[in-house]
């Protein structure tokens, strides 16, 4: 009996202190890992599917929150997306490692991670393209080399060239006037995109995401919008086609946060390329149409950057631990970046929450909107801003706000319903002199005098 107890204690100790295994995960392994994390941290995690791939594989998301499955007002939502290109696999493995790390550190009482999980709703999609990954992994098993093997989905489509092109509309609107946010989708957009793309679009329309990163491979650089230049130059030609968003300075800061927290990204020289500070505007590197990060910015409230994390798209298993240690702090710091700028509630005079209210910042031609619960989040750098909240049938409200470098400033709006202008008085059919309405049986004085003269003439004797 004592031997059995000893073995049990050893197994229990191993379970508590066993190091994370650094290996590549096929689809079934990935699913098991997600549910393993959920089983270890059931009160702060949830596994859900946003849809299926062409081959029918679930696109699973692991959520971290102190109230999984529930949006808490004023708690921001942030997401990571990995493995959009099936053969770019490091992001997939890093997100699985991150999931295990968050769970383990939360259980161990790491106050930084506890604050992050309790104050943020985190969504992790390790693989957007599980079909492509299986093709790439099979090629690795057979020692087949090929730079593009497994990149696309099962229909042969590059998912990062598959989102509706909203850049064309925003460039037109910037020149001619028009909406600067939440640009509408074409009526037949579902017929133009792949199942994986449709699932992600419906996902980001269902959650009020504030911040996001899309993990890729093939370079080492933090890439920020816009990806598509005004002239849409092709990669390798005229590489200086910078295409900044109205939030360009903020995006540069977000990219630098990751770059400088990374082991070597900030050094600039990587994979034969040089990027100052380890960051680049997407279109300045090469122009990309129908990409996911531009779509996030132009169709939703979400600010997304693209993280290129390794020269080798499918790094050897022995390299995974080194890559994790070089990215771990950067992945955590980037999540923490969602807590900056301003946030608040938009309500009416009766304290009812107002969804879809528009939050505008003077001098930044990109608005955000309040979510279904009436809360809004506007990422901003430190400074003083003039902020206006507007909603249909309500008077706008404008305030001056000073944003510091720490936690976001709480700025609530209470909008008053507009008073409709008084309707002009309509003149009646019998309105006469000076606009006065005369009774039907009352005649003007001149008409009465004329009638009396006629009657007198009729009384003259024959």
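In mature numbering (1 follows the signal peptide of the UniProt record, and there is no 0), the protein residues as written are -19 to -1, 1 to 443.
All residues carry an ideal CB built from backbone N, CA and C; glycine is no exception.
Given the structure is predicted, the values throughout are model-derived calculations rather than measurements.
When the options are compared against residue i, the one with the closest alpha-carbon
i, options, result
"residue 11", "49, 59, 64 and 22", "64"
"residue 457", "235, 209 and 68", "Nothing can be reported for residue 457, as the shown portion of the chain is limited to -19 through 443."
"residue 101", "44, 254, 152 and 137", "44"
"residue 266", "305, 201 and 307", "201"
"residue 389", "180, 397, 396 and 360", "360"
"residue 71", "37, 55 and 114", "114"
"residue 232", "19, 205, 249 and 255", "205"
"residue 118", "274, 289 and 297", "297"
"residue 399", "392, 375 and 387", "375"
"residue 244", "254, 253 and 258", "258"
"residue 323", "299, 247, 248 and 387", "387"
"residue 446", "28, 156, 182 and 76", "The displayed coordinates of the chain run from -19 to 443. Any statement about residue 446 would go beyond what the structure contains."
"residue 391", "230, 344, 321 and 262", "321"
"residue 198", "302, 25, 251 and 18", "251"
"residue 325", "207, 332 and 358", "358"
"residue 96", "108, 83 and 107", "83"
Where the beta strand (DSSP E) through residue i begins and ends
i, result
"residue 326", "323 to 329"
"residue 274", "Counting along the chain, residue 274 falls outside any beta strand (DSSP E), though it belongs to the alpha helix (DSSP H) covering 273 to 280."
"residue 44", "39 to 45"
"residue 87", "Here residue 87 belongs to no beta strand (DSSP E); instead the alpha helix (DSSP H) covers 71 to 88."
"residue 21", "From DSSP, residue 21 is part of no beta strand (DSSP E) but of the alpha helix (DSSP H) over 8 to 21."
"residue 92", "It is not in any beta strand (DSSP E) - residue 92 instead sits in the alpha helix (DSSP H) that spans 92 to 100."
"residue 364", "364 to 371"
"residue 203", "200 to 205"
"residue 194", "190 to 197"
"residue 260", "260 to 262"
"residue 356", "356 to 359"
"residue 32", "26 to 33"
"residue 138", "Residue 138 -> no beta strand (DSSP E), and no H or E assigned at all."
"residue 63", "58 to 63"
Neighbourhood of residue i by C-beta, 7 Å cutoff - its chain only, sequence neighbours within 5 removed
i, result
"residue 189", "58, 282 and 352"
"residue 348", "161, 162, 339, 340 and 341"
"residue 164", "147, 150, 151, 279 and 280"
"residue 99", "47"
"residue 56", "100, 101 and 102"
"residue 241", "247"
"residue 131", "67, 68, 113, 114, 116, 117 and 120"
"residue 261", "202 and 204"
"residue 238", "314, 315 and 318"
"residue 49", "25, 26 and 27"
"residue 94", "83, 86 and 87"
Enclosing alpha helix (DSSP H) for residue i [first to last residue]
i, result
"residue 348", "Here residue 348 belongs to no alpha helix (DSSP H); instead the beta strand (DSSP E) covers 345 to 350."
"residue 151", "148 to 157"
"residue 234", "229 to 242"
"residue 286", "Taken as a continuous stretch (DSSP letters only), residue 286 belongs to no alpha helix (DSSP H), being part of the beta strand (DSSP E) at 284 to 291."
"residue 310", "301 to 317"
"residue 187", "176 to 187"
Below-9 Å beta-carbon distance, residue i vs any chain D residue
i, result
"residue 130", "Absent from the structure is chain D; it holds one protein chain and no more."
Own chain residues within Cβ distance below 6 Å of residue i, not counting five before or after
i, result
"residue 394", "327, 370 and 378"
"residue 220", "Caution is warranted here: a pLDDT of 49 is assigned to residue 220, below 50, making its placement in the model unreliable, and no coordinate value can be reported."
"residue 54", "354 and 356"
"residue 343", "367"
"residue 312", "79"
"residue 255", "249"
Distance cut-off 8 Å: residue i Cβ against heavy atoms of the ligand HEM
i, result
"residue 290", "As for the ligand HEM, it is missing from this structure, which has no ligand bound."
Alpha carbon of residue i to alpha carbon of residue j, nearest angstrom
i, j, result
"residue 411", "residue 401", "Any reading at residue 411 needs caution, since the residue's pLDDT is 49, under 50, leaving its predicted position unreliable; the model's value is listed next. Rounded to whole angstroms, residue 411 to residue 401 spans 29 Å at the Cα level."
"residue 74", "residue 6", "7 Å"
"residue 235", "residue 318", "7 Å"
"residue 306", "residue 286", "21 Å"
"residue 120", "residue 66", "15 Å"
"residue 337", "residue 356", "9 Å"
"residue 140", "residue 180", "12 Å"
"residue 80", "residue 105", "8 Å"
"residue 174", "residue 142", "10 Å"
"residue 350", "residue 335", "10 Å"
"residue 368", "residue 51", "28 Å"
"residue 128", "residue 69", "10 Å"
"residue 363", "residue 274", "24 Å"
"residue 515", "residue 373", "Nothing about residue 515 can be reported from this structure: the residues present for the chain run from -19 to 443 only."
"residue 187", "residue 15", "22 Å"
"residue 13", "residue 156", "50 Å"
"residue 17", "residue 300", "24 Å"
Expected contact under 8 Å - CB spacing of residue i and residue j to nearest Å
i, j, result
"residue 194", "residue 315", "6 Å"
"residue 228", "residue 284", "7 Å"
"residue 38", "residue 8", "6 Å"
"residue 196", "residue 29", "In fact, because the Cβ distance is near 20 Å, the residues do not count as touching under 8 Å."
"residue 290", "residue 308", "7 Å"
"residue 145", "residue 184", "Contact doesn't hold; Cβ gap of about 15 Å is too wide."
Cut-off 8 Å between Cβ atoms - residues of its own chain near residue i, not counting five sequence neighbours on either side
i, result
"residue 365", "381, 382, 383 and 384"
"residue 34", "40, 110, 111, 112, 134, 135, 176 and 177"
"residue 88", "21 and 22"
"residue 222", "210, 211, 212, 214, 264, 265 and 268"
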